[in-house]
Each structure stands twice: as C-alpha cells, then as structure tokens.
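Numbering (UniProt numbering), first residue to last: 1 to 102.
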C-alpha cells in the first residue's frame, strides 16, 4: 500500500490484494506470519485500503499473528505515515479509522 514517498494508494482494495498470496502460502504450509510494515496515506482511498487489508488479516487470524505500522517516533516530525502521538499525520488521520483492528 505504501511506497514510502507517496500518500496515494492505487485502489481501495490493494491491501487485501497484496496479502492474498502470502495468506494462501501460509495456509498451504501451516505457517503463521506477521506484517512487518504497513502504512497508507490519511485519505479516503488509503484508509479504505488499510481497513480492507486489516479485515483480511482478521478474517485469516489462523495464519496472521498481527501487523506493525510504519512509522513512529519523534524523529519523524510531519512524515505522512507518522503514528507518533499526539500529532503524527497517521495518528490523527488514520488511527481513528483502524482502531477496531488493534
């Protein structure tokens, strides 16, 4: 979903699409996984993409142990994916929409 330098997401379903093959592989091989980095811009399309991906992980909790947001820490300042409280862009613009997945 995130490229690291762009706030836009290619679609509202890209998150689910990106984890589909990994989900199938985990199931086929009896393994569990964790998403080590995920993020999306604080805009409607990206928020939908993140929500959809997190819903997919929740639906497949037998193989997904969880996920980690990119990024946090005071050094990120106004970085578009910052989850740093209380003013990070993602903290204020994305977190309210994904709290149900935490």
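Every residue gets a Cβ at the ideal spot worked out from N, C-alpha and C, and that includes glycine.
Being a predicted model, the structure only gives us computed values, none of them experimental.
Are residue 49 and residue 14 touching if we call contact CB-CB under 7 Å? For the purposes of this step, residue 49 is identified with residue 49 of the chain shown, where counting begins at 1. For the purposes of this step, residue 14 is identified with residue 14 of the chain shown, where counting begins at 1. Yes, they are a contact pair.
Residue range of the beta strand (DSSP E) that residue 64 falls in? What you label residue 64 is simply residue 64 of the chain shown in a count that begins at 1. Residue 64 -> beta strand (DSSP E) spans 64-69.
Less than 7 Å separating the beta-carbons of residue 55 and residue 34? The sequence position of residue 55 within the chain shown is 55, counting from 1. The sequence position of residue 34 within the chain shown is 34, counting from 1. Not a contact, by the Cβ cut-off of 7 Å.
Secondary structure at residue 89, three-state DSSP: helix, strand or coil? In the chain shown, the residue the question calls residue 89 occupies position 89. Look at residue 89 here: in three-state DSSP terms it is helix.
Please go through the UniProt domain "Glycoside hydrolase family 5" (4-72) and give each complete beta strand (DSSP E) segment of 3 or more residues, from N-terminal end onward. Listed in chain order, the complete beta strand (DSSP E) runs (minimum 3 residues) inside the UniProt domain "Glycoside hydrolase family 5" (4-72) are 33-38 and 64-69.
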